[in-house]
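As you go down the protein sequences, you meet chains E and A in turn.
Residues 1 to 10, numbered by this note's numbering, are exactly what the first sequence covers, in order.
Residues 11 to 225, numbered by this note's numbering, are exactly what the second sequence covers, in order.
Below: one structure, written as structure tokens.
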Amino acid sequence: EAQEAPKDEL
Amino acid sequence: MNIFRFAGDMTHLLSIIVLLLKINATKSCAGVSLKTQELYLLVFVTRYLDLLYSYISLYNTFMKLFFICSSGCVIWYIREHKTVSQTYDSAQDTFRVLFLACPCMILALTVNHDFTVTEVLWTFSIYLEAVAILPQLVLLQRTKNVDTLTGNYVFLLGGYRALYLLNWIYRILTEPGYRQWIVWISGTIQTAIYCDFFYYYIKSWRNNERLSLPS
Chain E
1 EAQEAPKDEL
Chain A
11 MNIFRFAGDM THLLSIIVLL LKINATKSCA GVSLKTQELY LLVFVTRYLD LLYSYISLYN
71 TFMKLFFICS SGCVIWYIRE HKTVSQTYDS AQDTFRVLFL ACPCMILALT VNHDFTVTEV
131 LWTFSIYLEA VAILPQLVLL QRTKNVDTLT GNYVFLLGGY RALYLLNWIY RILTEPGYRQ
191 WIVWISGTIQ TAIYCDFFYY YIKSWRNNER LSLPS
């Protein structure tokens with residue numbers, strides 16, 4: 001399973 | 011960072027500046043929900059714990075610190091400021107915040123990516139942000155003739171969420187493998203909560219009338 005997006009949003 | 015994300019962040023920033031200006035200039039917090047502001051502070055503190063261990067960019071760090079400090083500042087005004095605190099109507103601002111926070115915590119403990127303290131708190135902050143505006147919307151509904159700046163504040167907050175939706179659509183189309191289901195679903199619910207408010211805000215603006223939400 002692919003990784004979730006990194007926490008780069010606010 | 012795409013233009014929608016940046017515009018969303020700037021709208022969020024502007025909403026807080028509008029709120030602080032309103033409170034400072036009129037020395038009144040009439041129509042502002044302390045409960046919503048306290049929920050936002052909780053949202054920002056639990057989400058931005060990563061300030062302590064992860065670095066994305068100077069931009070992100072600055073914005074995170076701004077959001078934490080500004081919501082703390084609004085709370086300080088409402089609770090502590092000599093004149094502003096006297097304009098706070100706690101009898102109208104009666105939303106039970108535990109009815110929001112507890113289910114969000116239970117959901118965060120159940121539906122998350124990783125069962126660690128920071129990940130659960132981050133997930134909690136995403137769920138809580140989706141519903142944190144509810145005490146403010148209920149207070150607006152109880153207030154006849156909503157103050158223009160308070161109306162603008164809520165409109166900008168909703169606008170920020172709508173722009174984040176566009177940001178996600180843009181990212182889905184341009185970044186292969188990009189996905190974040192928890193954020194998307196919560197964010198969509200969060201934006202949907204504003205729909206009713208948007209309708210009456212735009213209607214009052216077009217008719218050149220003071221905003222008042224039907225109860």
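Using N, Cα and C, we set each Cβ at its ideal position, and we do this for glycine too.
Checking 9 Å against the spacing of the C-beta atoms, do Q200/A and I116/A come in under that value? As a working mapping, residue 200/A is identified with position 190 in the second sequence. As a working mapping, residue 116/A is identified with position 106 in the second sequence. It is not a contact, given that the beta carbons lie outside the stated cut-off.
Tell me, which residues are paired with V156/A by DSSP? Residue numbering aside, residue 156/A sits at position 146 when the second sequence is read from its first letter. According to DSSP, which records beta bridges pairwise, V156/A is partnered with L221/A.
Start and end residues, alpha helix (DSSP H) containing E74/A: Here residue 74/A corresponds to residue number 64 of the second sequence, with the count starting at 1. Checking the displayed sequence, the identity of residue 74/A turns out to be Lys instead of Glu. Segment 68 to 90, the alpha helix (DSSP H) holding K74/A.
Please go through the same chain and pick out, in chain order, the residues whose beta-carbon is closer than 6 Å to the beta-carbon of T93/A, but skip the five residues on each side of it. Walking along the second sequence from the start, residue 93/A turns up at place 83. Cβ contact annotation for T93/A (same chain, cutoff 6 Å, sequence separation greater than five): K37, in chain order.
Please state the DSSP three-state secondary structure of E48/A. Here the question's residue 48/A lines up with position 38 in the second sequence. Residue state for E48/A is assigned as helix, using DSSP reduced to three classes.
Between the Cα of I26/A and those of N217/A, G169/A, N218/A, spot the shortest distance and give me the residue it belongs to. By one-based count along the second sequence, residue 26/A stands at place 16. Closest option to I26/A, judged by alpha-carbon separation, among N217/A, G169/A, N218/A: G169/A.
Residue closest to Y196/A, alpha-carbon to alpha-carbon, out of D124/A, A35/A, Y137/A, W178/A: Counted from its first residue, the second sequence places residue 196/A at position 186. Reading off the sequence shown, one finds Ser at residue 196/A, where the question assumed Tyr. Across the set D124/A, A35/A, Y137/A, W178/A, the C-alpha of Y137/A shows the shortest separation from the C-alpha of S196/A.
Grab me the residues of W194/A's own chain with a C-beta within less than 7 Å of its C-beta, minus the 5 sequence neighbours each way, in chain order. Locating residue 194/A in the second sequence gives position 184, counting from the first residue. Excluding positions up to five away in sequence, the list reads W178.
Do you know offhand how far L30/A's Cα is from K213/A's? In the second sequence, residue 30/A corresponds to position 20, counting from 1. In the second sequence, residue 213/A corresponds to position 203, counting from 1. Using only the alpha carbons, I get a separation of about 26 Å.
Can at least three beta-carbon pairs, one atom from the stretch 66 to 84 of chain A and one from the stretch 155 to 169 of chain A, be found at a separation below 8 Å? Cβ pair count under 8 Å is below three, so no.
Backbone CA spacing between K7/E and G18/A [nearest angstrom]: As a working mapping, residue 7/E is identified with position 7 in the first sequence. As a working mapping, residue 18/A is identified with position 8 in the second sequence. When rounded, the distance between both Cα atoms is 16 Å.
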